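Below is one structure, written out as structure tokens; the observations come after it.
2 protein chains.
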Amino acid sequence: MEVKVMKNILGENDKFAEENRKIFAEKNILVMNLMGSPGSGKTSLLEKILQKISSEFKTAVIEGDLFTAKDAQRIENLSVEVVQINTSGGCHLDAQMIKRAAESLNLDELNFLIIENVGNLVCPAEFDLGENFKTAVLSITEGDDKPLKYPLIFKESEVVILNKIDLIPFTNFNLKNAREDLTTIHPNIKIFETSCTKGDGMESFCEFLRTRLISKEIAL
Amino acid sequence: MEVKVMKNILGENDKFAEENRKIFAEKNILVMNLMGSPGSGKTSLLEKILQKISSEFKTAVIEGDLFTAKDAQRIENLSVEVVQINTSGGCHLDAQMIKRAAESLNLDELNFLIIENVGNLVCPAEFDLGENFKTAVLSITEGDDKPLKYPLIFKESEVVILNKIDLIPFTNFNLKNAREDLTTIHPNIKIFETSCTKGDGMESFCEFLRTRLISKEIAL
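In the order they appear, the protein sequences are chains B and V.
Each number in my numbering corresponds to the 1-based position in the first sequence with 34 added.
Each number in my numbering corresponds to the 1-based position in the second sequence with 34 added.
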């Protein structure tokens with residue numbers, strides 16, 4: 035009974051996701067769905083990405099949070115267009131929310147849209163938003179057992195960012211084990227190691243984004 | 035429409051939660067529902083608690099995870115009775131799962147039951163399991179903005195544990211702000227500061243648990 039309800043909700047979601055994907059393709063906009071646990075560093079990564087990318091490619095952000103506009107304010111401080119979605123307690127973004135939020139953006143001018151999902155390593159992975167690819171953020175302070183415990187999000191993501199690598203010396207995180215488990219779950223997953231506070235790995239990840247953006251022939 | 039479905043599921047859950055609560059009260063078992071993000075340190079806290087408490091009070095653990103029995107194995111290593119629930123991707127434990135898991139425990143001999151919920155700062159807070167009280171774990175590496183962004187879990191919890199305080203020097207976590215926000219959301223919330231790696235704060239939290247256990251007159 036519960037499963038049936040879930041399928042109906044997902045069926046409805048997939049219809050809106052396909053509509054979004056069609057619109058984004060027509061406008062030649064690359065869309066990344068950024069997911070991860072609360073406090074994994076999604077907004078800090080976003081700030082670093084925008085500092086490097088937004089002068090090269092016209093970029094906008096959709097911020098998903100249960101409550102508050104704290105993250106949207108951080109993005110706005112970088113003079114980047116941002117729309118805040120508050121889910122009022124909801125545990126994930128869905129495609130209909132993205133459709134409404136995108137309507138308030140000037141899509142004709144846009145090259146790159148980043149969607150920061152609600153902080154949650156479980157539910158967001160189940161909902162297609164019409165994005166081109168998903169990126170999962172796992173901070174090393176969460177522990178190297180997380181890929182096997184939460185496999186779906188890593189199966190669904192083209193990219194995983196291992197963030198806060200500057201804190202490895204203060205934890206028992208085993209980078210080799212984490213990489214092996216991620217590759218077992220998703221053989222072709224691209225793994226980046228970053229530190230937002232130290233700046234490590236950001237250029238490498240932004241180079242990956244540039245390649246994706248240029249391959250869509252949407253460079254300014 | 036979605037809201038209606040949600041209410042039906044919650045109504046069904048509340049029925050099982052009341053049944054659980056009645057059984058636990060009859061058997062004079064104190065039940066704590068331990069919640070928090072992936073990697074906030076729930077299992078590590080549990081290990082420390084069990085080392086201090088399980089020789090004084092007969093304790094058992096129900097472990098909730100999407101997949102794997104990694105956490106249950108850690109608890110079993112401490113010679114504590116443990117039941118693993120795998121939700122197969124489900125984002126929270128519900129009262130019916132607890133009812134089934136509890137049936138495999140010897141409740142007549144038990145004083146204290148700890149339920150470690152699925153790692154998720156959102157969904158578990160919505161589901162009453164029939165526990166006596168909820169404890170939310172927030173690791174300081176998640177950031178001091180989390181109480182206002184995820185208020186429900188802190189509203190529902192009698193206790194919050196600020197874990198990994200040994201990492202404060204390496205982050206921008208503001209303890210004063212976090213405490214103020216938690217108290218705004220839930221004026222009577224009890225706040226403990228802990229470090230599982232250094233042992234800070236564990237005795238203070240265990241003393242709180244002892245008081246709760248003794249006030250139920252279930253000391254051995």
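Note that beta-carbon positions come from the ideal geometry of N, C-alpha and C, so glycine has one too.
If you're wondering where the values come from, they're calculated on a predicted model, not measured in any experiment.
Since residue i and residue j are thought to touch, with beta carbons under 8 Å apart, how far apart are those beta carbons, to the nearest angstrom?
i: I96/B; j: V117/B; result: 5 Å
i: G75/V; j: C240/V; result: Rounded, the Cβ-Cβ distance is 15 Å, inconsistent with contact.
i: F91/V; j: F146/V; result: 5 Å
i: L196/B; j: I219/B; result: Between I219/B and L196/B the Cβ distance is about 14 Å, and since that is not below 8 Å, they are no contact.
i: L139/B; j: A94/B; result: 5 Å
i: T228/V; j: I199/V; result: 7 Å
i: L201/V; j: L201/B; result: 7 Å
i: F204/V; j: F204/B; result: 6 Å
Relative to the C-alpha of residue i, which residue among the options is closest?
i: N151/V; options: N140/V, A212/V, E52/V, A106/V; result: A106/V
i: E60/B; options: L141/B, I248/B, I148/B; result: L141/B
i: G233/B; options: S89/B, L79/B, I202/B, F188/B; result: L79/B
i: G123/B; options: C157/B, E110/B, K82/B, D200/B; result: C157/B
i: L84/V; options: L112/V, G70/V, M66/V; result: L112/V
i: I109/V; options: I148/V, C125/V, K224/V; result: I148/V
i: L284/B; options: L68/B, K49/B, K56/B, I57/B; result: This structure cannot speak to residue 284/B, because chain B is shown only from 35 to 254.
i: P221/V; options: K189/V, K210/V, T205/V; result: K189/V
i: K180/V; options: Y184/B, K180/B, A212/B, T77/B; result: T77/B
i: Y184/B; options: C125/V, A135/V, G70/V, G45/V; result: C125/V
Can you find the residues in the same chain that come closer than 8 Å, C-beta to C-beta, to residue i, ignoring five residues on each side of it along the sequence?
i: T121/V; result: G98, D99, L100, L127, M131, V152
i: A103/B; result: E97, Q118, N120
i: E81/B; result: R108, I109, L112, C230
i: A135/B; result: I96, V117, I119
Which residues in the same chain have their Cβ closer than 6 Å to the Cβ of residue i, if we skip the five residues on either side of it in sequence?
i: L186/V; result: A159
i: N54/B; result: A129, I132, K133, G164
i: L182/V; result: D215
i: E52/B; result: none
i: K224/B; result: V193
i: K86/V; result: C240
i: F50/B; result: A129, Q130, K133
Excluding five sequence neighbours on each side, which residues of the same chain lie with their C-beta closer than 7 Å to the C-beta of residue i?
i: L247/B; result: L64, F91, N145, F146, A253
i: K250/V; result: N62, L64
i: N208/B; result: D178
i: D48/V; result: D162
i: A212/B; result: D178, P181, L196
i: E143/B; result: K92
Quick one: using the 10 Å Cβ neighbour count with 16 as the cut-off for buried, is residue i buried or exposed?
i: P72/B; result: buried
i: G177/V; result: buried
i: S88/V; result: buried
i: T245/V; result: exposed
i: N206/B; result: exposed
i: S238/V; result: exposed
i: G235/V; result: buried
i: K210/V; result: exposed
i: K56/B; result: exposed
i: G45/B; result: exposed
i: M35/B; result: Bear in mind that a pLDDT of 35 at M35/B, under 50, signals an unreliable position, so the number given afterwards is only what the model happens to contain. Result: exposed.
Counting pairs of Cβ atoms below 8 Å between the segment 162 to 171 of chain B and the segment 153 to 173 of chain V, do you hit three or more?
no
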